[in-house]
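Listed in order, the protein sequences are those of chains A and B.
Going by my numbering, the first residue of the first sequence is number 1, and it counts up by one from there.
Going by my numbering, the first residue of the second sequence is number 286, and it counts up by one from there.
Note that CB positions come from ideal geometry on N, CA and C, so glycine has one too.
Here the structure is a predicted model, which means the values were calculated and not measured.
Protein chains: 2
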Amino acid sequence: MQSNAKLFAYNLGGVVPLDQAFLHISDLSIQRGYGVFDFVKVHGNTPLFLDDYLDRFLSSAQQMELQLPLSREELKHTIFLLVQKNGLEVSGLKMILTGGYSDDGFTPVAPNLLITQHPLTLPTQSKVENGIKIITHDYVREIPTAKTINYSMGIRLISQIKAKGAEEVLYHRQGIVSEFPRCNFFIVRQDNTVVTPAENVLPGVTRKRVLEIAGRRYRAEQAKVTLEDIAQAKEAFLTSTTKRVLPIVQVDDTIIGTGKPGDVSLALLQDLIALEEEQVSVAKV
Amino acid sequence: MQSNAKLFAYNLGGVVPLDQAFLHISDLSIQRGYGVFDFVKVHGNTPLFLDDYLDRFLSSAQQMELQLPLSREELKHTIFLLVQKNGLEVSGLKMILTGGYSDDGFTPVAPNLLITQHPLTLPTQSKVENGIKIITHDYVREIPTAKTINYSMGIRLISQIKAKGAEEVLYHRQGIVSEFPRCNFFIVRQDNTVVTPAENVLPGVTRKRVLEIAGRRYRAEQAKVTLEDIAQAKEAFLTSTTKRVLPIVQVDDTIIGTGKPGDVSLALLQDLIALEEEQVSVAKV
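(1) With 16 as the cutoff for other CB atoms within 10 Å, does H118 of chain A come out buried or exposed?
(2) Kindly list the residues whose CB is nearer than 6 Å to the CB of E235 of chain A, restricted to its own chain and excluding five residues on each side of it in sequence; keep chain order.
(3) Measuring only between beta-carbons, confirm whether F342 of chain B sits less than 8 Å from chain D.
(4) Does at least one heavy atom of the ligand MG sit under 7 Å from the Cβ of G377 of chain B?
(5) Can you confirm whether E464 of chain B, when its beta carbon is compared against all beta carbons of chain A, has any partner nearer than 8 Å?
(6) Work out the CA separation of V534 of chain B and V408 of chain B for me, nearest whole Å.
(7) Is E278 of chain A close to chain B, meaning its C-beta is less than 8 Å from at least one C-beta of that chain?
(8) What first and last residue would you give for the alpha helix (DSSP H) that runs through T491 of chain B?
(9) Should I187 of chain A be flagged as near chain B, meaning a C-beta pair shorter than 8 Å?
(10) At 9 Å on the CB atoms, spell out the chain A contacts of A294 of chain B, in chain order.
(11) Going by CA-CA distance only, name the one from A:K164, A:G204 and A:N192 that's closest to R182 of chain A.
(12) In chain order, which continuous runs of the alpha helix (DSSP H) of length 4 or greater are located wholly inside the region 61-106 of chain A?
(13) Checking 8 Å against the spacing of the C-beta atoms, do L70 of chain A and T145 of chain A come in under that value?
(14) Out of curiosity, what's the CA-to-CA distance linking T524 of chain B and F470 of chain B?
(15) Are there three or more Cβ pairs, one per stretch, closer than 8 Å when the region 158-172 of chain A is compared with the region 131-144 of chain A?
(16) Beta carbons nearer than 7 Å to chain A: which residues of the region 434-452 of chain B have them?
(17) Could you pull out every residue in the same chain whose Cβ sits closer than 7 Å to the Cβ of Y53 of chain A, ignoring the five residues on either side in sequence?
(18) For R502 of chain B, which option in B:Q369, B:A552 and B:N371 has the closest C-alpha, if you only look at C-alpha atoms?
(19) Near I230 of chain A, what residues of its chain come up, given a Cβ to Cβ distance below 8 Å and the 5 sequence neighbours on each side ignored?
(20) Mind checking the region 235-247 of chain A against chain B and listing, in chain order, the residues whose C-beta falls within less than 9 Å of any C-beta there?
(21) Can V495 of chain B and V530 of chain B be called in contact, C-beta distance under 8 Å?
(22) Against chain A, with Cβ distances strictly below 8 Å, would Q287 of chain B count as a contact?
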């Protein structure tokens, strides 16, 4: 259990101390793993790119036929209330919408909404400077465009990732690459084109920003990416809300490019950080 | 929320009134849909085929790398204690093992064990006499041999099932049939051979019993079953702990056999009921 008693959470319609936030075991998340969520990075009192995350959260809910108990404006208001109350410096805010307290343990009813906030640790400088090693696994998420709470496969693979001294696992289906359990994937081709898999992926907010940023300096596109494309790539990196742009230097036994983080990856990371800082400045004005 | 205040549940190490059984929201079932479960039918104080269900529950836990906080004997003891305390006539007993209260919201720690029991409704006589209509959907469960709590797909399909006036959805992958979200599938070929899909299925306890029973009267086998095989079949039925043997008379737009429950299906249902009654008699001696 989270032991930080100073934090507050939104649970079942009210703001409560995090350590007192419980769900009855009839909830469909516990009974059937049924729910959606989203995760926003917060700098001070500013949730970064909040509207993008709300768009995706609402889209996930719709795809899973779950009705949000708050309007979008009420949800936004609740988020700002919680963020102010918790007063964290750099944090992650998580919204979870479950199938609710189901009578028959199967059919969704009135969904339950939870919002939690925790201090956030960004990737260490050493990981950014050295890049990471990843492994691959043949799998496609069931409903790729929705951010469901189903991480059975990703969590089950933790021990394999560790056993191979890697940091993450990249999903592919018969050699066609999609995404990580919690991050998107990019390669940089030899001609500096920045490419991210087009299909069977969650539409990542950081992925979207990086595509925009990359388009200013290079050619940037969503396209089919194969394991063979990775082996031929100049650079590779992952993107996520928490990890921003994190260089990848090894995929299974294949060394990417020079085996060190590439210039394109590092330039995009700097541009993304600048964009985040811009958001915070704008909010402060 | 389950409102039956007279029922008791096992939750986090103790027996408590069901309406007071809660999990903290840091539990990995809520955060990541991570957990396994099993479901046993109980007649009076007798859980039917309990050892088969315990075998499967422990196997699911092992496949998902979750350590049960009780020994098998302790679990059995706890089940009998709860069953006696609740004193229900015909009931379903559910054991859930979650990834526990995870510090980082992703990595499983000490799993949480819950056991609940509810009165059980068997299929109506009318459904048995008339048979049911089902639809099909291209999908294979992620880890078919484990009974995980992940029912994202099954629940998401509820509205499609209803819209088509059907009762259940049968999964297949490119025409090769596997199972229902919560039941196994059988066909009876024109030569009376009873066949159930061999691969990508949960090893159902009722499936196992029906294969045994069928083997006494007919040829019975686990084999590849295609959608085309169904169209050519003499009979079809599903099996589950709750539904026993339930005849299927229509699959999508295809009428099975005569469009009425077949003799083989109904004979197997009678044999299964007899086997269940035998279990209860033995326990009473």
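According to the structure data:
(1) Sixteen is the threshold: when 16 or more other Cβ atoms of the shown chains lie within 10 Å of the Cβ of H118 of chain A, as they do, the residue is buried.
(2) Within its own chain, the residues whose Cβ lies closer than 6 Å to the Cβ of E235 of chain A, once the five positions on either side in sequence are excluded, are V188, G257, G262, V264 and S265, listed in chain order.
(3) The displayed structure is made up of protein chains A and B, and chain D is not among them.
(4) The model on display carries no ligand, and the ligand MG is accordingly not part of it.
(5) It does not; no Cβ of chain A falls within 8 Å.
(6) Contrary to the premise, residue 408 of chain B reads as Pro rather than Val in this sequence. Spanning the two alpha carbons is a distance of roughly 15 Å.
(7) Not one beta carbon of chain B lies nearer than 8 Å to the beta carbon of E278 of chain A.
(8) Bounds of the alpha helix (DSSP H) holding T491 of chain B are V490 to R502.
(9) Chain B contact via Cβ: absent.
(10) By Cβ distance, chain A contributes I25.
(11) Restricting attention to A:K164, A:G204 and A:N192, the CA atom closest to the CA of R182 of chain A is found in A:G204.
(12) Runs of the alpha helix (DSSP H) inside the region 61-106 of chain A: 72-86.
(13) With respect to the 8 Å criterion, L70 of chain A and T145 of chain A are not classified as neighbours on the basis of their beta carbons.
(14) In a straight line, the C-alpha of T524 of chain B is about 6 Å away from that of F470 of chain B.
(15) Yes, they touch.
(16) Cβ contacts with chain A come from I434, N435, Y436, S437, M438, I440, R441, I443 and S444.
(17) If we look at Y53 of chain A and ignore the five residues flanking it on each side, its Cβ neighbours are D38, V40 and V205.
(18) R502 of chain B has its Cα closest to that of B:A552, out of B:Q369, B:A552 and B:N371.
(19) Counting only Cβ-Cβ distances below 8 Å, and skipping sequence neighbours, we find V177, I187, A236, V251, T254 and I256.
(20) Those would be none; no residue qualifies.
(21) Yes, the pair counts as a contact, with Cβ atoms nearer than the cut-off.
(22) At Q287 of chain B the pLDDT is 41, less than 50, meaning the model places this residue with poor confidence; the figure from the coordinates comes in the next sentence. At a cut-off of 8 Å, the C-beta of Q287 of chain B has a neighbouring C-beta in chain A.
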